[in-house]
Each structure stands twice: as structure tokens, then as C-alpha cells.
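Protein chains: 2
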Amino acid sequence: MIETPYLLFLGDAPDQLAAKVAQGIKDWRPENAVGQYRMDGCKADLGLADMDLAAAKAAGAKTLVIGVANRGGVISPEWKKVLVMALEEGFDLASGLHNLLRDEPDLVAVAEATGRTLHDVRIPSVQYPIANGKKRAGKRVLAVGTDCSVGKMYTALCMDAEMRKRGMKSSFRATGQTGILITGEGVPLDAVIADFMAGSVEWLTPDNDDDHWDHIEGQGSLFHVSYSGVTMALIHGGQPDALILAHEPTRTHMRGLPEYDLPSLTALRDMALPLARVANPDCQVVGISVNTQHMDEDAARAYLAEVEAEMGLPATDPFRFGAGKLVDALAA
Amino acid sequence: MIETPYLLFLGDAPDQLAAKVAQGIKDWRPENAVGQYRMDGCKADLGLADMDLAAAKAAGAKTLVIGVANRGGVISPEWKKVLVMALEEGFDLASGLHNLLRDEPDLVAVAEATGRTLHDVRIPSVQYPIANGKKRAGKRVLAVGTDCSVGKMYTALCMDAEMRKRGMKSSFRATGQTGILITGEGVPLDAVIADFMAGSVEWLTPDNDDDHWDHIEGQGSLFHVSYSGVTMALIHGGQPDALILAHEPTRTHMRGLPEYDLPSLTALRDMALPLARVANPDCQVVGISVNTQHMDEDAARAYLAEVEAEMGLPATDPFRFGAGKLVDALAA
């Protein structure tokens, strides 16, 4: 649906985490990432070639993807100048921001004049049903986090890649803009109307072969008061057979909520599992995914060993050390 | 905003519960309910005078309120005939259905031609913020249910009325179409975009006097897989100081989900309280509200005594026996 390859627009990202959309595309579909476009003051760097529009065009890029998320999601006047130029130079635009491309009259006018397309992947394109809670065939796994942005999507992508490598039946099911931009399909869950959230997750993960695994992209956290309702809908709409606990050990407070401490992995397990068993009484917590990007390798391995001993479950950083342990646990 | 009094449209309601919107208006603002309009096959009856449009007009009714909810919420062709006639006879229309009045071209055309107004109370009219989780002044109480439609709104309305009677500072905070039609304001929570659910509840229940109580209208149930995400957003956005457990003892399965049993009150308490304490560590479960409408008085009183003994908390049917016990518990 979205023409590839992409030029990844990082704008004036205040930090590396703000560019996680672009980072995800680069990590999981590197063949689609021709280069990065950074503005003055940009604090993110994907390690891709910095390109202006002309250079990216010459390198074959078809779509400028806004690869940066900011709280509130507003398209600033500074960004606008680049976006208008990109349309004029023949790029389509793709975005997962709350502030829609289609709601900006100047972008709409230029896109019409130049014959280019505006893709707002955050907007649902489907009339989702209300969830019916009926048991579906096939297996599903969901990562639930101690906080937002702790690596739930990467965990799902890593497990999916590992299963495919082993010849198992497996699908990554995107529920956010990065996942949708990576796979080209999915449910933009945080933009779905409240009553249809769980139904949209049922729609996303339909009946399948008994030995097929859906890796459902997690969102938010049961402990993050801004987004916990979205997490709840994933747990009940996804009716997972297995939960993975996801954690980032260096986080000092809940993301965006300085007054809130992170819960322990034990507290997360004890909160999430009874909720999951409402929809699927056989659900189990099978493993732990730790995002160790801010730890050196020795510290990471020591921490993982400690977590395994404390929780009695396999623990790994699937992005750094591979998802084998988690897939072994799912297969068992 | 909506002109009163109302003619309450019950359509072809399949059962009494389907007319709960109209029932709520009749119970809490009887002075606004001039009569009821029932079509062939209607299985609901509010005990109001049956009126046709001319009779209701003569009795002073200004607005035809669609007082019936149906799963899916579609405006049928049979309903449409009555609605068009009502506009032509000078009524405004008000509705809380998912199927909006404003999305029906014929209704829009007739309303424009006749100068009448279409009120879709389900549609948010405010750009809600993302929840920030900051502690707010004032007190808040939320009813959480073992199922949907077990009496959470009535519990809140009863406690609010009792507090006002005692001269306490108190507000009912509507989160659904019935509540909004009763009070004329509120948040249509099930129509809010997922990311903004908790923020809309924060917006609805702002800082207030230290001795003021917000009675937040509950929605859904943590144990109802279709709507649990909405319940979660109320618990975290509302940051209640007190929870009331709400239950309907004759329900044989979760509403609309024949495969799902109701949880026990103990299970509800153990699920809801730790979640509520994420947002408000001082939250307490203070009482139990039992909807005894399908029990005779002796059975109801015996059941309440049993629940009090088992749970160690005051239990009452606030609509049948008064909310005094619950307000006593809140005041303590």
C-alpha cells in the first residue's frame, strides 16, 4: 500500500527514543530505509546516510516517512516546510501522528496539485466489531510491560523472526504505527473508538491453524495510567495463550509520569495473569524480555541470570541475545 | 443544551433492559418525561402514558429522546419513519446511539428544512488531553461491576442524591449517554479515542474542594472482555479514593457473552483494588451495591445480609433501600 523504499524523516527529535518509528523500520526492514533526513537540533541518529530530498530521490526513495513521535503529535511549521518540499519533489508522505496529514489544508492542496498520496497509518480504515469473546483456533502470545516503550514490539518481532527461521507458522500482528509501517497492515489501536478496541484485536488475530502463532504487538502498560485501557483491550481481545513480561531495568519512573514508580516483574505478573485468564483460562506467563540497551554486556547477562533465578522463568534480551529462549518456552 | 421536557421513544425494544436510557431519565428527572412512544412489538414499558406525537406535543414535549439502546445501535427504517414525523411536527431529536442522527441524510435534510436540532450525545464535543496521572484535590468514588448493566449508574445517582440531601458537596459525573441525557453534560466515554480515555475522565473530574465528592458513572466491567478497557480507563483516569462493588445476583452469564460466567464479589475486589491503587495508593473498597430488582424483598434482604457477612462491608440496594449505608461508609 505504501510505496517503498523510504526516506526516514527524523525532524528535530528531542532524543533517540522519539525516533523509535524510524528505528523500527531501519531494524526490521533495512532494505526499505534508503537514508535519514535530520533537521537542525535533531538529537536522534539511526546511523543511516544523511540525505536531502534530491539525494534520496536519486537513491530511489518513493515515500518520506515521518519516523518521529512526539507527545501530542503536532506537525510543526518547521516540519511543514520539508513536507511540502517533499511532495513537490515527488515523494508520497506517510505518518502515524495524531495530527493527521489529511487535516493540514496546505499539505492536502500540494498533494492534490502534485498527484502524491498522504498515508495516515494511525487512522482505522476498518469498521471494527464489538468483541464477542469467542475462543479462536490457533495460538497467540502478547508481551505486557512494566512501562510503555520497554521493547514489547521488538520482542514480538524477534519471536516472529525466530519462529520463521525455525520453519514454524508465525505472524507479527501490528497494533501501532511503527508496526503498521513495517508490515504494511495492522490495527492502529490507540486511535480506535473505546467500545471497539477489544473487537479490533479479535479482528486482527482471527482463527488460524492450531500450530500457528500470532505475535500481538503490545501497547502501553497496566501500570501506566494514561494508556492502561488500551493494554486491557489487548489482553481481553487477544485472549493470549502466553504472556511475556517486558521490562527496561534502567527506567527511573513511568514514561511521562514522573510521580509514578515502575512496578516489579512480580507485581506485573500478578496483575496481568488473572486478567488474561478471564479471556483464556489456560493462559501462562512463559518468559521475560528485558531491554538491556542501556547496560553493558556483562551487566546485562548478570541481570538476566538474576531475573531467571528470581522469577523461575527464561529471561533474555531478544534483540541483543536472540529470542531462542522465548520461542523454546512457547513451543514447550 | 437539550430542550425539555421529553417524549421518550422506546421503539421496538426487545426487552425492558434495552430501554434503560429512557428508564434512567424517567427515574431521575421524572419532571422531564412527559410520556412514552412505543412501536409495534415493543417489549418495554416505563409505566408512563403512551402518547403519539400530537398528544405529546399538546402535553408540552419539546424533544423526542431515543431512549432505547440496541447492540450495534442501528437506526432501523421503521424507527426512521417516526423520527422524520417527529421533526416535521416540531420536535428536536436526541440520541446516544452509535449510529448518529447526523449521519442519516434524510434526518439532516428534514431537520434543516424544519429548523429542528439533532443532538448526538454519544459524540465527544471536546478535545480531551492525554492523562497525566497527577493527584487532584477532592474525593472521588467509582462503582465497578461484576458485569455490565448491573446498576453502576444508579448507584452513583443514588449516592449523589443522598449526599445532597445531607447537605454534602457532591456531583454526579456522567460517562454514558443516559447519564448525559439526565444531567445535560458529561463524557461519552465509549466513543472516546483509546489514547484519550483516561484523560477524558481526568477532565471530567477536576480539582475540587477537599470535602467534595465526585460520583463517577462506571462503565463495563473488568471481567467483560468487550469493554474492560473502558473500565480500566475509569479506574486510572478517575483515581478513585473509594470503590463500590456492584452486582446483580440473578445474572446467569456475562451480558452478551454466553460462554462467560460472572466473577464473585471477592474476585472483583481482588482484581479492582490493586489496579486502582496504581493511580491512588489510598483507595479502599468501602461498600457493595446489589441490584435486587429480580428478587422479592425478603430474598433481597437475606442476600444483602449474607453478602455483608461474607465480605465484611456494608451492602445495600441503593435504589430499593436507599444509599445511606454507602454514604455513611464514604463519609467515614
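Chains A and B supply the protein sequences, listed in that same order. So the first sequence is numbered by our numbering: it starts at 1 and just counts up by one. So the second sequence is numbered by our numbering: it starts at 1001 and just counts up by one. Using N, Cα and C, we set each Cβ at its ideal position, and we do this for glycine too.
Listed along chain A, the residues sitting closer than 7 Å to residue 1190(B) by beta-carbon distance are 194, 195.
Linking residue 1330(B) to residue 259(A) through their CA atoms gives a straight-line distance of about 26 Å. With respect to the 8 Å criterion, residue 8(A) and residue 46(A) are classified as neighbours on the basis of their beta carbons.
Nearest Cα to residue 1317(B) within the set 1095(B), 1025(B), 1056(B), 1152(B): 1152(B). In the DSSP secondary-structure assignment, residue 145(A) is bridged to 246(A).
Contact with chain A is found for residue 1223(B), since one of that chain's Cβ atoms lies less than 8 Å from the residue's Cβ. DSSP lists 7(A) as the beta-bridge partner residues of residue 35(A). Between the beta-carbon of residue 1148(B) and that of residue 1221(B) there is about 6 Å, and that keeps the pair under the 8 Å contact cut. Boundaries of the beta strand (DSSP E) around residue 1094(B): 1092 to 1095.
Residue 1039(B) holds the alpha-carbon nearest to the alpha-carbon of residue 1079(B) among 1096(B), 1118(B), 1091(B), 1039(B). Non-local beta-carbon contacts of residue 128(A) in its own chain, meaning distances under 7 Å to residues more than five positions away in sequence, involve 192, 196, 199, 200, 203 in chain order.
Not flagged as an interface residue toward chain A: residue 1104(B), since no C-beta distance is shorter than 8 Å. The secondary-structure analysis by DSSP pairs residue 254(A) across a beta bridge with 257(A). The C-beta separation of residue 1178(B) from residue 1081(B) comes to about 25 Å, leaving the pair out of contact by the 8 Å criterion. Here the region 231 to 241 of chain A does not lie against the region 157 to 168 of chain A, with fewer than 3 beta-carbon pairs under 8 Å apart. Counting the other CB atoms within 10 Å of its CB gives residue 1135(B) a total below 16, which places it among the exposed residues. Going by C-alpha positions, residue 1017(B) is about 33 Å away from residue 282(A). Under DSSP, residue 1118(B) takes part in a beta bridge, and its partners are 1093(B). In terms of CA proximity to residue 254(A), 227(A) leads the group 227(A), 312(A), 130(A).
Secondary structure note for residue 179(A): it is in no beta strand (DSSP E), and the uninterrupted alpha helix (DSSP H) holding it is 177 to 183. The C-beta of residue 243(A) comes no closer than 8 Å to any C-beta of chain B.
Interface residue (Cβ-Cβ distance to chain B less than 8 Å): residue 152(A) is not classified as such. By the Cβ rule, the region 1023 to 1040 of chain B does not count as touching the region 1208 to 1222 of chain B, because fewer than three pairs are nearer than 8 Å. Annotation for residue 307(A): the continuous alpha helix (DSSP H) segment containing it runs 297 to 311. The C-alpha of residue 1290(B) lies about 28 Å from the C-alpha of residue 273(A).
Listed in chain order, the positions of the region 116 to 130 of chain A with a beta carbon within less than 7 Å of a beta carbon of chain B are 130.
Per the C-alpha coordinates, the member of 154(A), 143(A), 120(A) positioned closest to residue 28(A) is 154(A). Annotated three-state conformation of residue 1123(B) is coil, per DSSP. As computed with DSSP, residue 1282(B) is found in no beta bridge at all. Look at residue 221(A) here: in three-state DSSP terms it is coil, with no helix or strand label. In this structure residue 1262(B) does not touch residue 1144(B) by the C-beta definition: roughly 13 Å separates them, more than the 8 Å allowed. Counting along the chain, no beta strand (DSSP E) covers residue 1025(B); the unbroken alpha helix (DSSP H) around it starts and ends at 1020 to 1028. Excluding sequence positions up to five before and after residue 1138(B), its CB lies within less than 7 Å of the CB of 1207, 1208, 1209, 1210, 1212, 1214, all in the same chain and listed in chain order.
Assignment of beta-bridge partners to residue 213(A) by DSSP yields 139(A), 170(A).
According to DSSP, residue pairing for residue 1290(B) in a beta bridge involves 1247(B). Counting C-beta atoms within 10 angstroms of its own C-beta, residue 184(A) has fewer than 16 neighbours from the protein chains shown and is therefore classed as exposed.
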